[in-house]
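For reference, the structure discussed in these notes is given below.
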Amino acid sequence: MNAVSLGDIYFDFDRANITPESEAQLKQNADWMAVNKTKSVIIEGHCDERGTAEYNMALGERRAESAKSGMKSLGVDPARVSTVSFGEEKPFDPGHNEEAWAKNRRDHFIAK
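Numbers 172 to 283, taken from this note's numbering, label the letters of the sequence shown in order.
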């Protein structure tokens, strides 16, 4: 049996709502939290490079909070979830095209 692990979820351009494609990964992350009851998680909100730094910090925060809300609706105690925004400061892919930007519009989950 494969171990369930925390995975990233991705967002559409200039959006913070959880997409249908990301719902399955969010559920997998919530399931991981249910099994690992002593763990907590940090959700990092990230953006692509388009938009101002200030706008992207706020968008990253909305994305992280959206995932936290989704985790809560899946039964995860919100006290076990914290959020932080990195805006555009920590791109996963340093490219300057839609393929790279799509990878950078994400929430990254870190167990602690």
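Think of the CB as a built atom: it goes at the ideal place given N, C-alpha and C, for glycine as much as any other residue. Predicted, not measured: the structure shown is a model, and the values here were computed from it.
Alpha-carbon spacing of Glu225 relative to Ser256, whole angstroms: Taking the first residue of the sequence shown as position 1, residue 225 is located at position 54. Taking the first residue of the sequence shown as position 1, residue 256 is located at position 85. Taking the straight line joining both Cα atoms gives about 11 Å.
From Gly266, Gly231 and Glu260, pick the residue whose C-alpha is nearest to that of Asp278; which is it? On the sequence shown, position 107 is the one that residue 278 refers to. Minimum Cα-Cα distance from Asp278 among the listed residues Gly266, Gly231 and Glu260 corresponds to Gly231.
In terms of residue numbering, what span does the alpha helix (DSSP H) encompassing Glu215 cover? As a position in the sequence shown, residue 215 is number 44, starting the count at 1. In this chain, Glu215 is not harboured by any alpha helix (DSSP H); it is covered by the beta strand (DSSP E) spanning Val212 to His217.
Secondary structure of Gly222, DSSP reduced to three states: Counting from one through the sequence shown, the residue named residue 222 turns up at place 51. Here Gly222 sits in coil by DSSP.
For Glu208, tell me which candidate among Glu260, Pro262 and Gly246 has the shortest Cα-Cα distance. Indexing the sequence shown from 1 puts residue 208 at position 37. Rather than Glu, the amino acid found at residue 208 in this sequence is Lys. Checking every option, the nearest Cα to that of Lys208 belongs to Gly246.
Beta-carbon within less than 8 Å of Asn188's beta-carbon, same chain only, minus the 5 sequence neighbours each way: which residues are those? If you number the sequence shown from 1, residue 188 lands on position 17. The beta carbon of Asn188 is closer than 8 Å to those of Phe182 and Ser237 in its chain, skipping five residues each way along the sequence.
Between the beta-carbon of Ile213 and the beta-carbon of Lys283, is there less than 8 Å? Along the sequence shown, read from residue 1 onward, the residue named residue 213 stands at position 42. Along the sequence shown, read from residue 1 onward, the residue named residue 283 stands at position 112. Going by C-beta atoms, Ile213 is nearer than 8 Å to Lys283.
Backbone CA spacing between Ser253 and Lys239 [nearest angstrom]: For the purposes of this step, residue 253 is taken as the residue at position 82 of the sequence shown. For the purposes of this step, residue 239 is taken as the residue at position 68 of the sequence shown. Near 8 Å, if we compare the C-alpha coordinates of Lys239 and Ser253.
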